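Visitor: Take a look at this one; I'll ask things after.
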Amino acid sequence: MNGARILLESLKRAGAEVIFGYPGGQVLPIFDQLYDFDIKFILTRHEQGAAHAADGYSRATGKVGVCLATSGPGATNLVTGIANAYMDSIPMVAITGQVGTHLIGNDAFQEADVTGITRPITKHNFLVKDVKDLSRTIAEAFYIASSGRPGPVLIDIPVDVQRAETEFIWPEKIRIRSYQPTYSGHPGQIKKAAKLISSAKKPIIYAGGGIITSGAHILLRELAEKIQAPVTMTFMGLGAFPGTHKLSLGMLGMHGTAYANHATMESDLIIAIGARFDDRVTGRLDTFAPYAKVIHIDIDPSSISKNVKVDIPIVGDAKNILGPLINQIKKAPDTSAWLKTIDAWKKKHPLAYKHTGKFIKPQYILEELWDLTKGDAVICTEVGQSQMWACQWYNYLTPRTFISSGGLGTMGFGFPAAIGAKLGRPDKEVFNIAGDGSIQMNIQELATCVANKINVKVLIFNNGFLGMVRQWQELFYKKRYSYTPITSPDFVKLAESYGAIGIRVTKKSEVRKALEKTIKADNTVFVDFRIEPEENVWPMVPAGQAINKMIDGLA
Amino acid sequence: MRHTISVLVENKFGVLARIAGLFSARGYNIASLAVSETMDPTISYMTMVVEVKDEDVLEQIKKQLNKLIDVITVTDFTKREHIDRELVLAKVNYAAKDKDKLEAVFDKFVGKIIHHKEGTAIIEAVGDAQQIKLLLEELSKFGIKELVRTGKLAISN
Chain A
407 MNGARILLES LKRAGAEVIF GYPGGQVLPI FDQLYDFDIK FILTRHEQGA
457 AHAADGYSRA TGKVGVCLAT SGPGATNLVT GIANAYMDSI PMVAITGQVG
507 THLIGNDAFQ EADVTGITRP ITKHNFLVKD VKDLSRTIAE AFYIASSGRP
557 GPVLIDIPVD VQRAETEFIW PEKIRIRSYQ PTYSGHPGQI KKAAKLISSA
607 KKPIIYAGGG IITSGAHILL RELAEKIQAP VTMTFMGLGA FPGTHKLSLG
657 MLGMHGTAYA NHATMESDLI IAIGARFDDR VTGRLDTFAP YAKVIHIDID
707 PSSISKNVKV DIPIVGDAKN ILGPLINQIK KAPDTSAWLK TIDAWKKKHP
757 LAYKHTGKFI KPQYILEELW DLTKGDAVIC TEVGQSQMWA CQWYNYLTPR
807 TFISSGGLGT MGFGFPAAIG AKLGRPDKEV FNIAGDGSIQ MNIQELATCV
857 ANKINVKVLI FNNGFLGMVR QWQELFYKKR YSYTPITSPD FVKLAESYGA
907 IGIRVTKKSE VRKALEKTIK ADNTVFVDFR IEPEENVWPM VPAGQAINKM
957 IDGLA
Chain B
604 MRHTISVLVE NKFGVLARIA GLFSARGYNI ASLAVSETMD PTISYMTMVV
654 EVKDEDVLEQ IKKQLNKLID VITVTDFTKR EHIDRELVLA KVNYAAKDKD
704 KLEAVFDKFV GKIIHHKEGT AIIEAVGDAQ QIKLLLEELS KFGIKELVRT
754 GKLAISN
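Which chain is which? The protein sequence lines are A and B, in order. Going left to right, the first sequence walks through residues 407 to 961 as my numbering numbers them. Going left to right, the second sequence walks through residues 604 to 760 as my numbering numbers them.
Listed below in structure tokens is the structure:
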């Protein structure tokens, strides 16, 4: 069997159902095998689209996403997508062709040092120099990508290795002596944590993406209800706890709810689970949660005490830790006074917006979308204002229903990610909440949608601006709108030219009908919502401030 | 403060780059680094001296090193009994009339002359940080023309 065939057989054995990719000179042997191999292949229109689609597929399903590109520019086009998956701990395997082994290092045509380029943005990477190592490398790559704290793994395969012949042997078991993640929490630490929880008066659960990765959302709910603690979620944690639950505070941080931020700052105990105290969450670090002791449950020891000093660290997988932790809590703390305080904050500082002027308010579109879907949909987003509104104005009820670029903040992520999500969850309606700026960054993937009948519903919040940057310019740069007003094509005609459906909505009264039509449509739809051009995302914590020093322009 | 850390790694190409990349990407400084194979040719041993401003940074460095897939174990010698040594080769000014003076240095300090020709002697010395420091102070009186050192090697005892 040749290397190319071994690659495909191995991918199948490893559980890959779909590959997103783009052909090129140094992957010709692989594409020759793909021609009649029984695996789904989705040809994107740009390698970046392939990487984000694999990422979106993974976020929607929990499985390892796979993308494939040729050497040189094909591989460098994957780079943003790989970095994006790395920042958000998404399991992904990226396969790149490489020039022949005898040419490596010669500045050959379409050569790039891809393992070198991707070293800091992958969990691990491999250059396969001998076809005999290929199947084992693929098995190891899937194992590394999906275990411990997940992440992307890249495999660079020179074209002569793809052509070389050897016997195909699939390793059933993988053991890597230098890589043994910790899964079960230390019982002594769990006991200490349980004791501390019992004695807390103002506990708060700070839930991150690790809950979703671990599949610990049911245990999280059990814990929250048992100890009657409010739950705030990070951006990556949205969906880990039902947004409609009375203990939910929604998201915290820079564009979090005021009550989540106040509760975090006033709490006497933070129970952090699968979250990493990112700077968008903590704001100014030395002012963060001054009264709180911190219990931190995380599978990655390097996340613990990196930013915030932790009192009780517990390294392991949330789903293995929460069960014993819940059992160890003999006496639930009395939080009734605390919950009352929080209710008062909720009443005093609700998320709010005003219908003013003739334009549609973006928040209203999301409220209507919620009303029509009630959480039974996958919401992908681009990056910027539209993304933050999608965090605030839609309730996520279950894990893997909110798919968005967190750590890296990649404009152009949402649309291809939605393609991947739809392939992973064909039973779900998949939306991409986009801005007029972001959507233009990977708009070529319209062709991928139409050619493969992947019905993604794209809601463009069109305000004629790169809105989030404009908001910062308005607030911190004296309204000097430097290169943030942007022009766009006619999105309706553009969608139609690709064979998709285009709808333009300019009035509030048309919003609901347009959404209903969009949901019913058996095609990809672009909806061009003309929204309030200078609407801001409120509340907001200015960069470098304490998170209870929010500003809000609604008064 | 300086700390000595040893790292056992898989002896594969690219491992040194991963470690160097980790340090540069996070802004940590490596004061010295020594790498060699062990008795098991699939494993390499690295001794590094790192310069950090506090214990938290050291802790983070150890965790980040452990996170690399090819790293097998990380040992911090800060609070462990160990022996460390460094090898130094120094080229010093050497005139025939200085012979006795230079040889007298080695009665008190580590090191020996391993090669000389008119005008120059090459000194070899193995010792711990303090011994090397004292030797170099002495040698600088003669004028050190060139100096190469291995960086620290450490082993627990």
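Using N, Cα and C, we set each Cβ at its ideal position, and we do this for glycine too. Quick caveat: nothing in here was measured; it's all calculated off a predicted structure.
(1) Inspect the CB distances between the region 759-775 of chain A and the region 448-459 of chain A and report whether three or more fall short of 8 Å.
(2) Taking the alpha-carbon positions, what's the LYS704(B) to LEU756(B) distance?
(3) ARG831(A) CB to nearest chain B CB: under 8 Å?
(4) Applying a beta-carbon distance threshold of less than 8 Å, which residues of chain B neighbour ILE550(A)?
(5) Going straight from the alpha carbon of PHE647(A) to that of TYR612(A), what length do you get?
(6) To the nearest whole angstrom, what separates the beta carbons of VAL947(A) and MET660(A), a pair I think is in contact under 8 Å?
(7) What residues in its chain sit with their C-beta under 6 Å from that of TRP744(A), if we drop five residues either side in the sequence?
(8) Would you list, in chain order, the members of the region 568-595 of chain A that have their beta-carbon closer than 9 Å to a beta-carbon of chain B?
(9) Taking the alpha carbon of THR669(A) as the point to measure from, which residue in ILE735(A), TYR697(A), ARG465(A) and LYS764(A) has its own alpha carbon closest?
(10) Could you check whether the Cβ of ILE675(B) sits closer than 8 Å to any Cβ belonging to chain A?
(11) Quick check: the Cα distance between GLY617(B) and GLY522(A), rounded to an integer number of angstroms?
(12) Using a 10 Å radius around the Cβ and a threshold of 16 neighbouring Cβ atoms, would you call PHE819(A) buried or exposed?
(13) Given that ARG682(A) touches chain B, what residues does it touch there, using C-beta distances under 8 Å?
(14) Can you list, in chain order, the residues of its chain whose CB lies under 8 Å from that of HIS685(B), leaving out five sequence neighbours each side?
(15) Compare the C-alpha of LEU540(A) against each of LYS752(A), PHE426(A), ALA518(A) and SER416(A) and name the closest.
(16) Could you tell me the distance, in whole angstroms, from the CA atom of PRO756(A) to the CA atom of ALA857(A)?
(17) Could you give the first and the last residue of the continuous beta strand (DSSP E) run that contains MET649(B)?
(18) Tell me the rounded alpha-carbon separation between THR543(A) and MET794(A).
(19) Quick one: is HIS530(A) near chain B, going by C-beta distance under 8 Å?
(20) Please confirm if GLU630(B) has its CB atom under 8 Å from at least one CB of chain A.
(21) Would you call GLY662(A) buried or exposed, if buried means 16 or more other Cβ atoms sit within 10 Å of its Cβ?
(22) Helix, strand or coil for ILE618(A), going by three-state DSSP, please let me know.
(23) Alpha carbon to alpha carbon, what distance is there between ILE701(A) and GLU359(A)?
(24) For ALA551(A), which residues from the same chain have a beta carbon less than 7 Å from its beta carbon, with the 5 sequence-adjacent residues on both sides left out?
(25) Using alpha carbons as the reference points, say which of THR893(A), LEU449(A), ILE603(A) and LYS764(A) lies closest to ALA635(A).
(26) How is the beta strand (DSSP E) around PHE574(A) delimited, first residue to last?
(27) Among the candidates CYS786(A), PHE548(A) and ASP704(A), whose CA atom is the shortest distance from the CA of ARG465(A)?
(28) What ranges does the beta strand (DSSP E) occupy inside the region 647-703 of chain A, keeping only unbroken runs of at least 3 residues that lie completely in it?
(29) Bridge partners of GLU640(B), per DSSP?
(30) Mind listing, in chain order, the continuous alpha helix (DSSP H) runs of no fewer than 4 residues lying wholly within the region 888-960 of chain A?
(31) Between PRO939(A), ARG690(A), VAL943(A) and GLY478(A), which has its C-alpha nearest GLY430(A)'s C-alpha?
(32) Would you give the residue range spanned by the alpha helix (DSSP H) that PRO558(A) belongs to?
(33) Does the beta-carbon distance from LEU636(B) to GLY754(B) come in below 8 Å?
(34) Would you give the residue range spanned by the beta strand (DSSP E) that ASN868(A) belongs to?
(35) According to DSSP, is PHE626(B) helix, strand or coil?
(36) Is any beta-carbon of chain D found at less than 8 Å from that of SER888(A)?
Guide: Short version:
(1) no
(2) 30 Å
(3) Output row for ARG831(A): interface = no.
(4) ILE672
(5) 11 Å
(6) 5 Å
(7) LYS608
(8) ILE582, ARG583, SER584 and TYR585
(9) The residue you asked about is not Thr; residue 669(A) is Ala in the sequence shown. Nearest option by C-alpha distance: TYR697(A).
(10) yes
(11) 8 Å
(12) PHE819(A) comes out buried.
(13) Neighbours of ARG682(A) on chain B: none; closest Cβ ~13 Å, over 8 Å.
(14) THR607, ALA757, ILE758, SER759 and ASN760
(15) Comparing Cα positions, the closest option is SER416(A).
(16) 44 Å
(17) Per DSSP, the continuous beta strand (DSSP E) segment holding MET649(B) begins and ends at 646-654.
(18) 39 Å
(19) yes
(20) A quick correction: the sequence has Gly, not Glu, at residue 630(B). No, its Cβ sits nowhere closer than 8 Å to a Cβ of chain A.
(21) buried
(22) helix
(23) No information on residue 359(A) is available, as it lies outside the stretch 407 to 961 that chain A covers here.
(24) VAL470, PRO497, MET498, VAL499, LYS529, GLY557, PRO558 and VAL559
(25) ILE603(A)
(26) Unbroken run through PHE574(A): none, as it is neither H nor E.
(27) CYS786(A)
(28) The region 647-703 of chain A is shown to contain whole beta strand (DSSP E) runs of 3 or more residues at 654-657 and 675-679, in chain order.
(29) SER647(B)
(30) 897-904 and 917-926, all fully within the region 888-960 of chain A.
(31) GLY478(A)
(32) Per DSSP, PRO558(A) belongs to no alpha helix (DSSP H); it is in the beta strand (DSSP E), 558-564.
(33) yes
(34) 863-868
(35) DSSP places PHE626(B) in helix when its eight states are reduced to three.
(36) Of the protein chains in the structure, A and B, none is chain D.
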